[in-house]
Amino acid sequence: MPFTPVAPADLDSAATRVVTALAGPGAVPRDDQVAAARALVVEGRRTLVVQATGWGKSAVYLLATAATRGAGGGPTLVVCPLLSLMRDQVAAAERAGVRAAALHSGNVDDWPRVEQELAADRVDLLLVSPERLANPRFATQVLPGPLARVGLVVVDEAHCLSSWGHDFRPDYLRLSRELFAALPGVPVLATTATANARVTEDVAAQLGEGTVTLRGPLARASLTLAVVPGLAPLERYAWVAEALRALPGSGIVYVLTVAETERLAGFLAEQGMAVRAYSSKLEPEDRLRVEDALRANELKAVVATSALGMGFDKPDLAFVVHVGSPASPVDYYQQVGRAGRGIDSAVAVLLPAAESDERIWQHFATASLPDPRAVDAVLAELGASEEPLSVPALEAATGVRRTRIEALLKLLAVDGAVARAGSAWRATGTGWRYDAERFDRLRAAREAEAQVMRDYAAGRACLMAFLQRALDDPDPQPCGRCSVCTGQLPPPGRGVPAETVAAAQRSLRGRDVVLDPRRMWPSAVPDRRGRIGPSLQAEPGRALAYADDPAWGDVIGRLGDGDGEVPDEVVEGLVAVLSRWRREWGERPVAVVPVPSRTRPRLVASLAARIGEVGRLPVLDLLEAAGPPPPRDVASGARAAGVLAGLRVRSGAQPPDGPLLLVDDAWATGWTATVAAVLLREAGAPAVLPLVVHQRP
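Residue numbers (the numbering used here): 5 to 701.
Structure (structure tokens):
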């Protein structure tokens, strides 16, 4: 649809009407909101708006949409990365008198109705995710109709467009390479609160020549920043508990891992606080319930990963606490920006976790970069196959982990080297070259951002001005409010009661880590196919600790990679685990079976002996290692095949008639315990219960 210009007076009228509907009588639009909308719908220019969280970026496209539709123009297409954000924007649009709808994976049943409304031109604003644009059916059957009439395109959270951005998504590249090119002359608005100068320039370049960039100051007068360094892991848990007792209102406690959300939320709940865990592990409907409960102040806090971030809007959010540092100042600014949007005073506190932050940063940084050898392997398999290949088939053929293959295929699809074919993938013949220089620059940029967070956590200068400089704000100034400027920390300050620290340790050491053995054989395993039958499966097992558990981190850290006698503290902890676990047993184990270890034979043997001694159970060496050690850090099929090749029941060994307690030092993929259980049960064991010191992520 050709661009339909809006008269300036009509834009002003629409702006007043929309902002009044959103913010109440007497509210007036910001000058930059009107300036951005004028560039779009009066001048027909592509526009990038970089403004602080809470500034009102969504109001720009709502008033622009109202003005365009009033002038007879087409509907607005909004590309939005999160379902929760879509829901909020639909609600805001309807308050502003703009008819809005969303098409996403969570409302497939509504698609026919929405498509009918679109065809009848009864939708003013349509929200879709970038991943939905990549779906072949959506792109060929649903999208062409709206695209033919679209009057404005909006890219929300536009930092995702840039590979320099903290939340780069390959599917966003389709926008600049395909969508923008398919809509010449259509105004495009890109909005973000979290972009430094490099990201801003990159996004503007993708929008095209002549893009108007409107960038505002990032300082937040309502926000008081603080850093509390030097706390041990359990002290951080105790600090959060004491802070939630003292801080008014409700807020968010951010952590870096899914496991941490559950541990910390569990401890806080035991302390009598209304809290919930929130992460990608939650089903979409459960996420919405938690968000609604926080908005309604039914919860004191939500303990969340970054999954609760972009688009979550609660104007009276009173605090944000970080247990552990995000990997970049952009991440951090975006998350603390959830607080203090509609109230005069809010606090944001960082509790750095030097002992774990670096490792977690490194994991996420490397996971998002392509491995050239993995790319070559995937493209070689696709190129050699006459039929499209599924992700499981590629995993089996290449030995590359499934999650990495899925990420690689997205990147390769955007670059045109592969294409979807239903649920499978095919090579296009275009080829793909690993741009070493580009990815080296990206690694260097991420390391520089990590160094900025180290410096921020050190608290040597005004924290707000520090963030402003990190995000290339043109006029950073000391805030006069942060913990560096004032020398004051929010309660409980630098110290926490010893009894709260002890309570945190008791809570975490009393929480069981349940181990779920594998139920299906990977397709790459020879002579083993399909489901592992119930008669061969292991029972759900137990671990003393998961990964970086604060209650056990020091103890497990001292084990290191060496081999030695099991510490008394570990034995005592596992005995407590067994004591709690026994309530679920149908029958008490009759023997302890150690897994033959190539790396820690003394540790595993001594652990089995000590558990057997406490439980008055015999220790039976029913298993033995055979052949080469199984490979590590490989796809599931390669790992399972390696364990099968390297483990067997000793010749002539006969399991006793009763459940066996299978003891090992660690659990990573679950294949060692799964294979050991299959072998023991094939030899006659009626049940196998795995028990390990710790589970690795």
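By construction, the Cβ of each residue, glycine as well, lies at the ideal position given by its N, Cα and C atoms. The structure presented is a predicted model; accordingly, all values stated were derived computationally and were not measured.
Beta carbon of residue i nearer than 9 Å to that of residue j
{"i": "VAL697", "j": "PRO598", "result": "no"}
{"i": "ALA350", "j": "LEU227", "result": "yes"}
{"i": "LEU664", "j": "VAL594", "result": "yes"}
{"i": "ALA308", "j": "VAL353", "result": "no"}
{"i": "LEU159", "j": "LEU165", "result": "For the record, residue 159 in the displayed sequence is Val; it is not Leu. Taking 9 Å as the Cβ cut-off, VAL159 and LEU165 qualify as a contacting pair."}
{"i": "GLY646", "j": "ALA630", "result": "no"}
{"i": "THR144", "j": "GLN338", "result": "no"}
{"i": "LEU183", "j": "ALA68", "result": "no"}
{"i": "LEU26", "j": "ALA138", "result": "no"}
{"i": "VAL570", "j": "LEU607", "result": "yes"}
{"i": "VAL327", "j": "ALA343", "result": "no"}
Option nearest residue i by Cα separation, candidates the options
{"i": "SER310", "options": "ASP625, ASP661 and GLU264", "result": "GLU264"}
{"i": "THR407", "options": "PRO396, ALA613, LEU416 and ALA401", "result": "PRO396"}
{"i": "GLY662", "options": "LEU621, TRP671 and PRO633", "result": "LEU621"}
{"i": "ARG126", "options": "LEU235, ARG153 and ALA31", "result": "ARG153"}
{"i": "LEU52", "options": "VAL46, PRO116 and ALA41", "result": "ALA41"}
{"i": "TRP436", "options": "ALA400, ARG445, TRP429 and ALA417", "result": "ALA417"}
{"i": "LEU151", "options": "MET277, LEU187, SER583 and LEU693", "result": "LEU187"}
{"i": "CYS466", "options": "ALA281, GLY484 and ASP479", "result": "GLY484"}
{"i": "THR261", "options": "VAL518, ARG249 and SER283", "result": "SER283"}
{"i": "ALA208", "options": "GLY344, ARG293 and ARG50", "result": "ARG50"}
{"i": "PHE443", "options": "ASP375, ARG224 and ALA96", "result": "ASP375"}
{"i": "VAL232", "options": "PRO478, ALA555, ALA461 and ILE615", "result": "ALA461"}
{"i": "ALA281", "options": "VAL294, GLY463 and PRO33", "result": "VAL294"}
{"i": "SER332", "options": "GLU451, VAL596, GLY420 and PRO79", "result": "GLU451"}
{"i": "LEU292", "options": "THR432, LEU303, LEU87 and TRP115", "result": "LEU87"}
Helix, strand or coil at residue i [DSSP, three-state]
{"i": "VAL190", "result": "coil"}
{"i": "ASP16", "result": "helix"}
{"i": "MET90", "result": "helix"}
{"i": "THR309", "result": "coil"}
{"i": "ASP160", "result": "coil"}
{"i": "GLY499", "result": "coil"}
{"i": "GLY344", "result": "coil"}
{"i": "ALA702", "result": "Residue 702 is absent from the structure shown; the chain starts at 5 and stops at 701."}
{"i": "PHE323", "result": "strand"}
{"i": "PRO134", "result": "helix"}
{"i": "GLU385", "result": "helix"}
{"i": "GLU628", "result": "strand"}
{"i": "ARG614", "result": "helix"}
{"i": "GLY255", "result": "strand"}
{"i": "PRO694", "result": "strand"}
{"i": "HIS170", "result": "Note that HIS170 scores a pLDDT of 48, beneath 50, so its modelled location is shaky; the value from the coordinates is reported in the next line. In this structure, HIS170 counts as coil in the three-state DSSP scheme."}
{"i": "GLY545", "result": "strand"}
{"i": "VAL244", "result": "helix"}
{"i": "LEU227", "result": "strand"}
{"i": "PRO237", "result": "helix"}
{"i": "THR80", "result": "strand"}
{"i": "ASP476", "result": "coil"}
{"i": "MET524", "result": "strand"}
{"i": "VAL529", "result": "coil"}
Cα-Cα separation, residue i to residue j
{"i": "LEU413", "j": "VAL579", "result": "46 Å"}
{"i": "VAL83", "j": "THR196", "result": "12 Å"}
{"i": "ALA236", "j": "PRO148", "result": "56 Å"}
{"i": "LEU393", "j": "ALA612", "result": "44 Å"}
{"i": "GLN37", "j": "GLY60", "result": "8 Å"}
{"i": "ALA13", "j": "THR434", "result": "50 Å"}
{"i": "GLY155", "j": "SER254", "result": "40 Å"}
{"i": "SER527", "j": "ARG654", "result": "27 Å"}
{"i": "PRO694", "j": "ARG546", "result": "6 Å"}
{"i": "TRP671", "j": "GLU391", "result": "37 Å"}
{"i": "ARG702", "j": "GLN455", "result": "A question about residue 702 goes unanswered here, because the residues of the chain that appear run from 5 up to 701."}
{"i": "VAL575", "j": "ILE364", "result": "28 Å"}
{"i": "ALA358", "j": "SER601", "result": "32 Å"}
{"i": "ALA609", "j": "LEU627", "result": "12 Å"}
{"i": "ALA551", "j": "ARG614", "result": "23 Å"}
{"i": "GLN55", "j": "ARG91", "result": "22 Å"}
Any non-hydrogen atom of the ligand NAD closer than 8 Å to residue i Cβ
{"i": "ASP317", "result": "Looking for the ligand NAD in the displayed structure turns up nothing, as the structure carries no ligands at all."}
>> Quick test of the definition: if touching needs 3 or more C-beta pairs under 8 Å, does the segment 485 to 492 touch the segment 201 to 216?
In response: Here the segment 485 to 492 does not lie against the segment 201 to 216, with fewer than 3 beta-carbon pairs under 8 Å apart.
> Okay, do the segment 496 to 505 and the segment 536 to 545 touch, 3+ Cβ pairs below 8 Å being the bar?
Replying inline: Proximity of the segment 496 to 505 to the segment 536 to 545 falls short of the contact definition, fewer than three beta-carbon pairs being nearer than 8 Å.
>> Taking contact to mean 3 or more Cβ pairs, one atom from each stretch, closer than 8 Å, check whether the segment 520 to 534 and the segment 542 to 556 are in contact.
In response: A contact exists between the segment 520 to 534 and the segment 542 to 556.
> On the three-pair Cβ rule with 8 Å, is the segment 199 to 206 touching the segment 60 to 76?
Replying inline: No: the two stretches stay apart, fewer than three of their Cβ pairs being nearer than 8 Å.
> Does the segment 242 to 249 touch the segment 266 to 276, meaning 3 or more C-beta pairs lie closer than 8 Å?
Replying inline: They touch, by the three-pair rule.
> Are there three or more Cβ pairs, one per stretch, closer than 8 Å when the segment 67 to 76 is compared with the segment 107 to 118?
Replying inline: No contact exists between the segment 67 to 76 and the segment 107 to 118.
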